[in-house]
Amino acid sequence: MSGFLALIARDLRLARRQGADIAMTLAFFVVVVALFPLGLGPTPALLSKIAPGILWVTALLAAMLSFDRLFQQDVDDGGLDQLALSGLPLPAVAVAKAIAHWLTT
Numbered sequence: 188m189s190g191f192l193a194l195i196a197r198d199l200r201l202a203r204r205q206g207a208d209i210a211m212t213l214a215f216f217v218v219v220v221a222l223f224p225l226g227l228g229p230t231p232a233l234l235s236k237i238a239p240g241i242l243w244v245t246a247l248l249a250a251m252l253s254f255d256r257l258f259q260q261d262v263d264d265g266g267l268d269q270l271a272l273s274g275l276p277l278p279a280v281a282v283a284k285a286i287a288h289w290l291t292t
């Protein structure tokens, strides 16, 4: 369990150092949410009815922007090989990385 938590803490530290992913995710979310009233019109009744769905779908799409880099840094520096040899089950590694990704997006 301590290896699992250490991996989450490591990925959170790495994500904090790389602010570009967080900025890109936030910018995408803001732009898409701001464009919906322009495309649908400024009718408050319609916007209040569909706003929760728009916010959830946009948040999920924004979180998917950085999925391709979820394991990329570990592949590049050989960390994924070390994690495979560490004795920590690979599904636990994937879950730890997913939790850290979810917490930072």
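Going letter by letter, the sequence shown gives residues 188 to 292 in our numbering.
Glycine included, C-beta positions come from ideal geometry on N, C-alpha and C.
Computed from a predicted model, the values in this text were never measured in an experiment.
For residue i, the three-state DSSP class (helix, strand or coil)
i             : result
serine 253    : coil
glutamine 259 : helix
leucine 222   : helix
threonine 212 : helix
leucine 275   : coil
proline 229   : coil
glycine 265   : coil
C-alpha gap between residue i and residue j, whole angstroms
i             : j           : result
valine 220    : valine 282  : 29 Å
serine 189    : valine 244  : 34 Å
aspartate 263 : alanine 279 : 20 Å
proline 239   : alanine 246 : 11 Å
Option in the options with minimal Cα separation from residue i
i              : options                           : result
histidine 288  : Ser273, Asp255, Leu267 and Leu225 : Asp255
alanine 210    : Leu270, Gly265, Ser253 and Gly266 : Ser253
methionine 251 : Ala196, Asp208, Asp198 and Leu201 : Asp208
Below-8 Å beta-carbon distance, residue i vs any chain C residue
i           : result
alanine 232 : The displayed structure is made up of one protein chain only, and chain C is not part of it.
Close Cβ partners of residue i (< 6 Å) along its chain, the five nearest in sequence each way excluded
i           : result
alanine 249 : Thr212, Phe215 and Phe216
Sequence-distant residues of its chain with Cβ nearer than 7 Å to residue i (five each side left out)
i           : result
leucine 233 : Leu227
leucine 267 : Phe258 and Asp261
Cutoff 8 Å; reference residue i; Cβ partners in own chain excluding five residues on either side
i              : result
isoleucine 286 : Ile195
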